[in-house]
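Enquirer: I have a structure here, written as C-alpha cells, and I will follow up with some questions on it.
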Amino acid sequence: MSNVFIAFQTNEESRCIIDAIIQDNPNATINEQPAMIKIDVPDSLTIKRSTVEEKMGRAFDLQELQIHLITISGHLDESDEEFTLSWKQ
Amino acid sequence: MDMRVKKKLGIKERYTVMTRDLGWETTFQPMDDVFPYDKFEGIKIHDWDKWEDPFRLTMDAYWKYQAEKERKLYAIIDAFNQNNGHLGVTDARYINTLKLFLTGVSPLEYMAHRGFAHTGRQMRGVGPRVACQMQSLDEIRHIQTQIHSISNYNKYYNGFHDFTHMHSRLWYLSVPRSFFDDAITAGPFEYMVAIGFAFEYVLTNLLFVPFVSGAAYNGDMAATTFGFSAQSDEARHMTLGLECIKFMLEQDPDNLPIVQRWIDKWTWRGIRVLMLVGTMMDYMLPKRVMSWKEAWEIYFEQNGGALFNDLARYGIKVPKCAEQAGIDKEHITHQTWAALYQYGAATDFHTWIPNPEELDWLSAKYPNTFDKYYRPRLEHWAEEAKKGNRFYTKTLPQLCQVCQVPMFFTEPDDPTKISYRESDFKEEKYHFCSDPCKEIFDHEPEKYVQAWLPTHQVFQGNCFTEEADPAAPGFDPLAELLKYYHFNNGRDNMDFEGSEDQKNFAAWRNESVKN
Amino acid sequence: MAVVAIEKYEFSPADSQEKFNGNQVLYIGWEDHLMFCAPFAFAFPPTMIFKEILDKVIPDAFGYHPETSKIDWSQAEWFKSGKSWKPDVNKSLVENGLKHKDVLRFKTPGLKGIKGSCS
Numbered sequence: 361m362s363n364v365f366i367a368f369q370t371n372e373e374s375r376c377i378i379d380a381i382i383q384d385n386p387n388a389t390i391n392e393q394p395a396m397i398k399i400d401v402p403d404s405l406t407i408k409r410s411t412v413e414e415k416m417g418r419a420f421d422l423q424e425l426q427i428h429l430i431t432i433s434g435h436l437d438e439s440d441e442e443f444t445l446s447w448k449q
Numbered sequence: 012m013d014m015r016v017k018k019k020l021g022i023k024e025r026y027t028v029m030t031r032d033l034g035w036e037t038t039f040q041p042m043d044d045v046f047p048y049d050k051f052e053g054i055k056i057h058d059w060d061k062w063e064d065p066f067r068l069t070m071d072a073y074w075k076y077q078a079e080k081e082r083k084l085y086a087i088i089d090a091f092n093q094n095n096g097h098l099g100v101t102d103a104r105y106i107n108t109l110k111l112f113l114t115g116v117s118p119l120e121y122m123a124h125r126g127f128a129h130t131g132r133q134m135r136g137v138g139p140r141v142a143c144q145m146q147s148l149d150e151i152r153h154i155q156t157q158i159h160s161i162s163n164y165n166k167y168y169n170g171f172h173d174f175t176h177m178h179s180r181l182w183y184l185s186v187p188r189s190f191f192d193d194a195i196t197a198g199p200f201e202y203m204v205a206i207g208f209a210f211e212y213v214l215t216n217l218l219f220v221p222f223v224s225g226a227a228y229n230g231d232m233a234a235t236t237f238g239f240s241a242q243s244d245e246a247r248h249m250t251l252g253l254e255c256i257k258f259m260l261e262q263d264p265d266n267l268p269i270v271q272r273w274i275d276k277w278t279w280r281g282i283r284v285l286m287l288v289g290t291m292m293d294y295m296l297p298k299r300v301m302s303w304k305e306a307w308e309i310y311f312e313q314n315g316g317a318l319f320n321d322l323a324r325y326g327i328k329v330p331k332c333a334e335q336a337g338i339d340k341e342h343i344t345h346q347t348w349a350a351l352y353q354y355g356a357a358t359d360f361h362t363w364i365p366n367p368e369e370l371d372w373l374s375a376k377y378p379n380t381f382d383k384y385y386r387p388r389l390e391h392w393a394e395e396a397k398k399g400n401r402f403y404t405k406t407l408p409q410l411c412q413v414c415q416v417p418m419f420f421t422e423p424d425d426p427t428k429i430s431y432r433e434s435d436f437k438e439e440k441y442h443f444c445s446d447p448c449k450e451i452f453d454h455e456p457e458k459y460v461q462a463w464l465p466t467h468q469v470f471q472g473n474c475f476t477e478e479a480d481p482a483a484p485g486f487d488p489l490a491e492l493l494k495y496y497h498f499n500n501g502r503d504n505m506d507f508e509g510s511e512d513q514k515n516f517a518a519w520r521n522e523s524v525k526n
Numbered sequence: 100m101a102v103v104a105i106e107k108y109e110f111s112p113a114d115s116q117e118k119f120n121g122n123q124v125l126y127i128g129w130e131d132h133l134m135f136c137a138p139f140a141f142a143f144p145p146t147m148i149f150k151e152i153l154d155k156v157i158p159d160a161f162g163y164h165p166e167t168s169k170i171d172w173s174q175a176e177w178f179k180s181g182k183s184w185k186p187d188v189n190k191s192l193v194e195n196g197l198k199h200k201d202v203l204r205f206k207t208p209g210l211k212g213i214k215g216s217c218s
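Protein chains in written order, with the working numbering: chain A, 361 to 449; chain B, 12 to 526; chain C, 100 to 218.
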C-alpha cells in the first residue's frame with residue numbers, strides 16, 4: 361500500500377480545498393510546512409467539487425485548483441465533478 | 012417558441028473537441044515526412060488515439076488560470092521589491108543559493124522550453140503534441156518569472172549580472188548544461204523519458220521542494236512565490252511524463268527494454284545534477300529545511316518507491332542506480348561543498364565553513380558519515396582561514412566525461428577512496444566517476460567523446476578572452492579565466508567572510524532599524 | 100554500441116592530443132588525501148622529465164596539506180589506471196610509457212590525512 365499525495369500553497373482558498381479533502385478522505389494525513397500544506401492518503405485521494413463549493417461558499421471549477429497546486433503523486437483522473445489521484449496495483 | 016436546451020459538454024469531451032479533433036491525417040504529404048523523427052528510436056506506436064490526456068486543460072482555461080497566477084506573482088514581486096524584502100532573509104549567505112539557481116537552473120528552463128517545442132512538433136499524436144506545446148509555454152514562463160523575481164537581488168548583490176554568459180562557460184555549470192544538451196540532442200521519445208519522466212516526475216520534488224521551502228524558511232518571499240507558482244505547472248508536467256511512459260509501455264512490449272534503459276540513464280544523470288541542490292540544502296541555507304538524506308528518503312525512496320511499485324505491472328524495474336544513490340545520500344553533499352569551497356576563487360557565489368552549530372546539525376543528520384569523514388577537513392580549513400591561510404585550490408580537477416562533475420566521488424563501499432573508472436574508445440582514454448556514468452558512455456560513446464569539458468577546454472586555450480596573451484610576462488591564468496567568465500574578481504567569488512555582500516547586507520539591515 | 104540516430108553519427112573527439120598545443124594531459128591523485136577533492140589535471144610536454152613532478156608539480160599543487168612536506172618518495176607507491184606502476188624518475192613522460200589522458204595515483208604509506216580521516 362503506497363501513499364498518493366497532493367500539496368498546496370497556504371492561502372485562504374486552498375484552506376477550503378483542504379477542508380474538503382479531509383472531509384472526503386478520512387485516512388488523510390496533513391503535513392504543514394512554511395507556505396505549503398502536503399496531504400498524504402494511502403492508495404487514493406479524491407477532491408469533490410461539491411464539497412469544495414460547500415466549504416468555500418461559492419461556485420468552484422475544479423480546474424481552478426491549479427492556481428494553488430504545488431505538486432502531486434499518483435495517476436490522475438480528472439472530470440468536472442472529481443479530481444482523483446491513485447496508485448493502481 | 013422552440014427552446015432547445017443543449018447538453019453542456021463534460022471536461023473530457025470539451026478537451027477532445029478542442030484538441031484531438033483539430034488534428035488530421037495528412038494527404039498532401041506523407042505522415043512520415045511531416046513527422047520524420049518519431050520512428051527512428053525504435054519505439055513502436057500502433058494507435059496514437061490511445062493516449063490519455065490527464066490534465067484536460069483547453070487553451071481558454073489555460074490562459075485564464077495562467078493569467079491569474081501571473082497577476083498574483085507579479086503583485087507579490089512588486090511588494091517584495093518595494094518593501095526591501097531582500098533584507099528580510101535570514102542572513103546574506105542565503106543569497107548565494109539564488110546565484111547558483113539563476114546561473115545553473117534557470118537556463119535549463121529555457122532549454123526545456125525549446126526541447127518541448129521541438130519534441131511536441133515531432134510527435135504525430137495530437138494529444139502529446141498539445142501537451143508538449145503547453146509545457147513549452149510553461150517553461151518559458153518559468154525562466155521569465157525566475158529572472159524577474161531574482162532581478163531585484165541583482166540591484167544589491169554580486170554575481171547575478173551575466174547568468175547566460177556564465178551558464179555556457181563556468182566549470183561547475185557544465186554539469187546542468189550538459190544534462191540538457193544530452194537530452195535535447197536525443198530523439199523525441201528519449202527526451203520525453205529524460206525530461207518529462209525522469210526529471211519532471213521522479214526527481215522534480217527533489218529540486219523544487221528544497222529550493223522553494225528553503226526560500227520560505229529563509230524569508231525569501233520572491234523565490235518562494237515564483238517557486239510555488241512554477242510548481243503548479245509542474246503538476247501538469249508530471250502527468251505528461253507519466254502518461255508518456257504508460258503509453259509507450261502499453262503500445263508494444265518491445266518498447267520495454269528501450270524505456271528501461273532510458274529510465275536508468277536519466278535517473279542517474281538527474282541525480283548527479285541534483286547533488287548541487289542537496290549541497291545547497293545542507294550547506295547554503297542558514298535556516299535548514301531538512302537534510303538531503305531526509306529529502307532523498309521521502310521523495311525518492313518512499314515516493315519513488317510507490318511509483319516504481321505501480322509501474323512494475325509493465326515490467327519496469329527500479330533504476331539500477333538507486334542502490335548506489337542510497338549509499339551516496341550520506342556523502343555527496345559534503346564532498347560537493349568541499350569541492351566548491353576549495354575552488355571558491357572560481358565560483359560565482361561565496362563559500363564558507365559552516366559555524367559550530369551548523370557543523371553539529373550536520374553531525375546529527377549524518378550520524379554515519381559526517382564526523383568520521385568530513386568534519387576533520389572542514390575544521391582544519393576553518394582554523395587555517397582564521398590564520399589568514401584560507402584554502403584556495405588553483406590546479407584544475409579531473410572531470411567525469413559523462414556527468415562532467417570533478418572526480419570527487421568515492422567508492423560505494425569505501426568513502427576514503429576516489430572512484431576511478433575508465434574506458435578506451437578508438438584509441439582515446441575516457442574517465443568516469445562511477446559505474447553508471449561509465450555504462451552511459453559505453454552505450455553511446457560517439458555522443459560523449461564530443462563533450463565540452465571545462466578543464467580540457469582551459470588547457471586547449473579556449474577559455475581566454477581575445478585580449479589575453481599567454482606569452483606576456485606576469486600572465487595569470489586564473490585571473491584571465493575569470494575575465495573570460497565575466498567575473499568581477501574579488502567581488503563575485505571567494506569567501507563570504509569579508510565579502511562586499513556581507514558588508515552591505517549588514518550595513519543596510521542596520522540602517523533599516525535605526526534613525 | 101552505436102548511437103541510434105537518423106543518419107550516420109560519427110564525430111571526432113573533442114580532447115584528442117593534437118588539440119593541446121604540444122602537451123599531453125596527465126591526471127594525478129594522492130590516495131587518502133581527500134582534502135584535494137579530486138585528482139588534479141595537468142597539461143605537460145611529453146618530454147618533461149618525471150622527476151619534475153616530484154620536485155615541483157606535487158609540492159606546488161598539493162602544498163597546502165600539512166603532510167606534503169613529509170612525503171618520502173622512496174616509499175611512495177604508484178598506480179597507473181589502478182595497477183601497480185613504477186616510474187623511472189629520470190626519464191621523460193613519453194619514455195615512461197605515459198600516454199595522453201593517463202591517470203596516476205600515488206600512495207604515501209603512513210600518511211593518512213587530517214586526523215587520520217583520509218582527508
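Positions of the beta carbon are idealized from the N, C-alpha and C atoms, including for glycine.
As the structure is a prediction and not an experimental result, all values here were calculated from the model.
#1: Could you work out which residues of chain B lie near E109(C), taking near to mean beta carbons separated by less than 9 Å?
#2: CA-CA distance, W372(B) and P365(B)?
#3: Assuming contact is defined by CB atoms lying nearer than 7 Å, are N216(B) and Y325(B) in contact in what I supplied?
#4: Could you tell me which of S185(B), T347(B), V223(B) sits nearest to T175(B), measuring between CA atoms?
#5: For V524(B) and F171(B), what's the separation of their Cα atoms in angstroms?
#6: Pull up the CB-CB distance for F143(C) and F470(B), whole angstroms please, since I reckon it's below 8 Å.
#7: Drop a sphere of 10 angstroms on the beta-carbon of Q93(B), count the other beta-carbons inside from all chains shown, and report buried for 16 or more, exposed for fewer.
#8: So with CB distances below 7 Å, who are the chain C contacts of W277(B)?
#9: For the putative contact between S404(A) and S446(A), defined by C-beta atoms under 8 Å, what is the C-beta separation to the nearest angstrom?
#10: Are E52(B) and V103(C) closer than 7 Å when you measure CB to CB?
#11: In the DSSP assignment, what residue or residues form a beta bridge with P417(B)?
#12: So, at 7 Å on beta carbons, what are the nonlocal neighbours of E508(B) in its own chain, with the 5 sequence-adjacent residues on each side left out?
#13: State the DSSP-derived secondary structure class of V116(B), mapped to helix, strand or coil.
#14: What do you reckon, are the CB atoms on Y73(B) and T130(B) nearer than 7 Å?
#15: Which first and last residues belong to the beta strand (DSSP E) in which M396(A) is found?
#16: What whole-angstrom Cβ distance do F368(A) and L429(A) have, given they're in contact under 8 Å?
#17: If we count the other Cβ atoms within 10 Å of its Cβ and call it buried at 16 or more, is M42(B) buried or exposed?
#18: I want to verify the contact list: residues of chain B whose CB lies under 8 Å from the CB of M416(A), in sequence order.
#19: One question on the structure: do R283(B) and C474(B) come within less than 7 Å of each other, judged by their Cβ atoms?
#20: For the stretch 370–399 of chain A, list the alpha helix (DSSP H) runs that are entirely contained and at least 4 residues long, ordered along the chain.
#21: Give the list of continuous alpha helix (DSSP H) stretches no shorter than 4 residues that lie fully inside the stretch 197–251 of chain B.
#22: On the three-state DSSP scale, how would you describe Q461(B)?
#23: At which residues does the beta strand (DSSP E) containing P426(B) begin and terminate?
#24: Using a Cβ-Cβ cut-off of 7 Å, state whether G315(B) counts as contacting chain A.
#25: Measuring only between beta-carbons, confirm whether F205(C) sits less than 7 Å from chain B.
#26: Closer than 8 Å by beta-carbon distance: list the chain C residues that pair up with V137(B), in chain order.
#27: Going by DSSP, which residues form a beta bridge with I148(C)?
#28: May I ask you to report which of helix, strand or coil DSSP gives V364(A)?
#29: Would you kindly work out how many angstroms separate the C-alpha atoms of L214(B) and A103(B), rounded to a whole number?
#30: With C-beta atoms as the reference, is D275(B) less than 7 Å away from P330(B)?
#31: Using a Cβ-based criterion (distance less than 6 Å to any ligand heavy atom), does F219(B) qualify as near the ligand MG?
#32: When the cut-off is 7 Å and only beta carbons count, does G509(B) lie next to chain A?
Expert: Taking the definition as stated:
#1: E457
#2: 10 Å
#3: Result no, Cβ atoms of N216(B) and Y325(B) do not sit closer than 7 Å.
#4: S185(B)
#5: Their Cα atoms are separated by approximately 27 Å.
#6: The Cβ separation is near 10 Å, so there is no contact.
#7: exposed
#8: Ordered by position in chain C, no residue passes the 7 Å Cβ test against W277(B), which lies about 15 Å from the chain.
#9: At roughly 4 Å, the Cβ-Cβ gap stays under 8 Å, so S404(A) and S446(A) are in contact.
#10: The Cβ atoms of E52(B) and V103(C) sit closer than 7 Å to each other.
#11: L410(B)
#12: Here the set comprises W363.
#13: coil
#14: no
#15: 396–402
#16: 6 Å
#17: Exposed, because fewer than 16 other Cβ atoms sit within 10 Å of the Cβ of M42(B).
#18: None at all; the shortest Cβ gap to chain B is about 16 Å.
#19: no
#20: 372–384
#21: 199–202, 215–228
#22: In the structure shown, Q461(B) sits in coil (DSSP, three-state: anything other than H, G, I, E or B).
#23: Looking at the DSSP string, the run of the beta strand (DSSP E) that includes P426(B) is 425–429.
#24: Not an interface residue.
#25: No Cβ of chain B is located within less than 7 Å of the beta carbon of F205(C).
#26: In chain order: nothing, as chain C lies at least about 23 Å away.
#27: S191(C)
#28: Looking at V364(A) - three-state DSSP - the assignment turns out to be strand.
#29: Those two C-alpha atoms are separated by around 28 Å.
#30: yes
#31: The model on display carries no ligand, and the ligand MG is accordingly not part of it.
#32: no
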